[in-house]
Every structure is written in C-alpha cells, then in structure tokens.
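Have a look at the structure below, then the notes.
Residue numbers (the numbering used here), protein chains in the order written: chain A, 9 to 219; chain B, 9 to 219.
If you want it as structure tokens, here you go:
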C-alpha cells in the first residue's frame, strides 16, 4: 500500500525548543520534509535564501499569493510570511510527512483547508522553565522576555485547536514522542478510507462467491 | 506528572490474529493490563477460570450487572459476556492502559460511556489472506469459514466507528504499531486538559507578576 504523507503543523511557545526539536527529528528519521516559508522580510545575519526562508520582494509574494501558490500566508510586523504550495504537495505525494513550523493563526488556516492535517503543540514542562530558558539565553532584554511570556499566555488559550501536545523536557525523548505521534497518525481510520473500502469490496466478493 | 491509563478497545475480524497480537503486546511492554471478561457460558477444554474468562452462573452475572459492576455486557447465543468494572477502574487509576478485546456492539457501548476510550480495529492485509488464514487453521469446516467471512463483511461496515486500524501482516511490526498508537494517544490534547489548564494559570501568574 503506497501511503501518502501527512501534513504536520508544529507550533509552540517561543523558547519551547521547536527549532532544535525539528532539526533532531529530521536528522533521525528519513520520512520527513521540512517546509520552508517564503517571506518579504530582509534576511538576518547568517540566514541563507532557501534554508531559513525564501526571501522575496513584496511584488513576487503578492503575485504568488494571487495565483494560489501559497497554502497559507499571514502578515506580521509589516512583512508577509507564507507556505509555498508546490513543495508541500510534491513531498506529500512522494509519501513524505511534511512539517510546517507556523504560528497558531496559520495553523488554523491549514486545518480549515486540509482537515486531515495533524496539529501539534510543543510545550515546556512548566511555565517557570519557559521563563528560565528565555532568560538563560542571555541574549534577550527583560522587556523581550516579558513580551514573549505575554505572547505565550495568549497562545496558550488556543491549544485546544491542536490535536496533540508534546512536552519538551529531554530532547531525545521528545523527538521520539513526536515521531511516534506522526507514525501512529498514519493508521487513523479517516486516513485509510481507501484501504477500508477496498477490504469491504473484497469481502463482499468472497461472500457472494461462496453462494 | 502522574498519568492515568487509557481504556483501549481492540476489535477485529475472526482470523485477523487479535489473540496472538494481544499476548505479544503484553509480553513486550509493561504498561498494559488485559481485562478478562465474565461469561455465563461453560468453560471449553483447556480454559481456566480467571485466565480466559471468569466463569459464573446466570444469577451471579445478572446480580453483578444490576449492581452496575459491569462496564458493558451483551448476550450472544444465549450466553452473557461482560467486562467487570472494578478491575478496569483500578488498573486505569494505577496508570495501566487497559485492553478490552470485545466485539463491535460492546465497543460502541464503551465509547458512549467513556468518550476518551481508544478504539482499534485489527485487520488482515487483504480479504483473501483472511480466507486463507481461516482455511489454513485446518480445524474449521467450510461452513464455519463461510460464516466467519460473512460476519467479517458485516463487521467491516462498522470500522468508521473506530479511531485507528492496525494491519496484522507481520506480528512484530504490528505489535510495535499498536503500541505506538496507544503511546501517542497519551499526548492527545483532550487527554491533557489538566496539564494545559495548569500551564495557563502558571503563565498568567508570571505575566501578572512582572507588572
């Protein structure tokens, strides 16, 4: 049975360790493809076109959106961010599970357009640990930390829109859990309608044949 | 975080290999408890009270049912079959995932009473393989095989009431898949409402504390 890939949306609080988790997941297992977003914001130091993002002009982005070439897009801080459709669909067809690391608004748009998408939310073991991690980076001002915590409190209101939570305490344990959730999702009844219908028809043929 | 067990219902066509699969699952992993049904039918040769079933009189069974001591029960071929409540609830409290191997009618009753129960359906890779397995036992008459195939065709109509299917081709692969599905189910958002609510409150305390 040739199985199609699953569209997996991963969201989570800033500081929950999503980025490291995604990198580890893709390194460990070969059934994943990470979708790269398109943005109109300027590349930051060290960012490379086609690795962190596809960096494009506002005109290119708007043209792409107009042509239906983005599965979702949104505007933050005067910049567009979106998910190119072509890559996602090609990888799903090839049987790859495609990971989109996007925020809650984008996640809800995806769920609307692709009801069989799997929505995962990465959480720290506790709020205090989130605060400590944000502070521990040592690169952020208190103001930025407070802003992130306020944003986490807001985002936490939307967790019920997701299918699963993953608690990122130990990186390896969490990676395994994440993989296990996606692996199991392939067996959901609503992702196997073709196989089930086929089994019914085969059984009916056998039952009729016996008469 | 002390986690509660999940009530797992396993159904499947006769000949799909449920019994062997359950035995292998319980042998390999220590988080499972297999619920033993109570029945009024007579023990067959080799069956032991408290292992295959709890064998009781009709009066004992009906008294148990009247007192609410069964999570579900049904009557097949003039005999009662039911799931004793006490064992199931004690094991769930201890954090064990409790497996009920029951038929579709019982499965639907469980889902009604325990909406967070996980319903799994074990299938053979194909209908022809099911027929070959039933015939291959060499112990069944053609009439019995035909009856089982007709019953499988009927049961196949109800698969959409289940959450996941498991295709039993290779025993070890299938056991791992089954375990992975149950393991992943612990992370479902609706099984972690307490943790999520707690995180929200902690975040709100931090956000208010900063002001």
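For each residue, glycine too, the CB sits at the ideal point set by N, CA and C.
For a contact defined as C-beta to C-beta under 7 Å, what are the partners of residue i on chain A?
i                     : result
residue 131 (chain B) : 207
residue 158 (chain B) : 215
residue 211 (chain B) : 135, 157, 160, 161 and 164
residue 6 (chain B)   : Chain B is shown from 9 up to 219; residue 6 (chain B) falls before or after that span and cannot be answered.
residue 167 (chain B) : 197 and 204
Report yes if the CB atom of residue i is closer than 8 Å to the CB atom of residue j, and no otherwise.
i                     : j                     : result
residue 100 (chain B) : residue 13 (chain B)  : yes
residue 104 (chain B) : residue 24 (chain B)  : no
residue 92 (chain B)  : residue 78 (chain B)  : yes
residue 80 (chain A)  : residue 118 (chain A) : yes
residue 185 (chain A) : residue 176 (chain B) : no
residue 17 (chain B)  : residue 164 (chain B) : no
residue 112 (chain B) : residue 166 (chain B) : yes
residue 89 (chain A)  : residue 98 (chain A)  : no
residue 214 (chain B) : residue 135 (chain A) : yes
residue 173 (chain A) : residue 206 (chain B) : no
Have a look at residue i and residue j and give me their C-alpha separation to the nearest angstrom.
i                     : j                     : result
residue 151 (chain A) : residue 106 (chain A) : 35 Å
residue 9 (chain A)   : residue 129 (chain A) : With a pLDDT of only 48 at residue 9 (chain A), under 50, the local geometry of the prediction cannot be trusted, and no value is derived from it.
residue 55 (chain A)  : residue 161 (chain B) : 57 Å
residue 52 (chain B)  : residue 70 (chain B)  : 22 Å
residue 59 (chain B)  : residue 46 (chain B)  : 10 Å
residue 191 (chain B) : residue 50 (chain A)  : 42 Å
residue 181 (chain B) : residue 181 (chain A) : 21 Å
residue 72 (chain B)  : residue 159 (chain A) : 53 Å
residue 170 (chain A) : residue 209 (chain A) : 35 Å
residue 116 (chain B) : residue 131 (chain B) : 18 Å
residue 19 (chain A)  : residue 85 (chain B)  : 52 Å
residue 154 (chain B) : residue 168 (chain B) : 24 Å
residue 187 (chain B) : residue 217 (chain A) : 37 Å
residue 189 (chain B) : residue 212 (chain B) : 34 Å
residue 127 (chain B) : residue 179 (chain B) : 19 Å
residue 15 (chain B)  : residue 110 (chain B) : 12 Å
Give me, in chain order, the residues of the same chain whose beta-carbon lies closer than 8 Å to that of residue i; leave out the 5 immediate sequence neighbours on both sides.
i                     : result
residue 183 (chain A) : 29, 32, 33 and 36
residue 44 (chain B)  : 58, 59, 60, 61, 62, 92 and 95
residue 11 (chain A)  : 103 and 194
residue 204 (chain B) : 197
residue 64 (chain A)  : 46, 47, 48 and 72
Under 9 Å Cβ-Cβ, which residues of chain B neighbour residue i?
i                     : result
residue 191 (chain A) : 185, 188, 189 and 192
residue 110 (chain A) : Result: empty, since nearest Cβ-Cβ is about 18 Å, beyond 9 Å.
Identify the contact partners of residue i in chain A, using a Cβ-Cβ distance below 8 Å as the criterion.
i                     : result
residue 14 (chain B)  : Within 8 Å Cβ-Cβ: nothing; residue 14 (chain B) doesn't reach chain A, min ~13 Å.
residue 200 (chain B) : 173
Listing by chain order, which chain B residues have their CB less than 7 Å from the CB of residue i?
i                     : result
residue 139 (chain A) : 214
residue 195 (chain A) : 172, 173, 174, 185 and 189
For residue i, collect the residues of the same chain with a Cβ closer than 6 Å to its Cβ; drop the 5 residues on either side in sequence, then sort them by chain order.
i                     : result
residue 22 (chain B)  : 156
residue 299 (chain B) : Here chain B comprises residues numbered 9 to 219, so residue 299 (chain B) is not present and cannot be evaluated.
List, in order along the chain, the chain B residues whose C-beta lies closer than 8 Å to that of residue i?
i                    : result
residue 39 (chain A) : Per Cβ cutoff of 8 Å: no residues; residue 39 (chain A) is ~14 Å from chain B at best.
Leaving out the 5 sequence neighbours to the left and right, which residues in its chain are closer than 7 Å to residue i when beta-carbon positions are compared?
i                     : result
residue 137 (chain B) : none
residue 141 (chain A) : 23 and 132
| Those runs of the alpha helix (DSSP H) which lie wholly inside the stretch 97 to 185 of chain B and span at least 4 residues | With a minimum length of 4 residues, the continuous alpha helix (DSSP H) runs that stay inside the stretch 97 to 185 of chain B are 112 to 121, 135 to 144 and 150 to 164.
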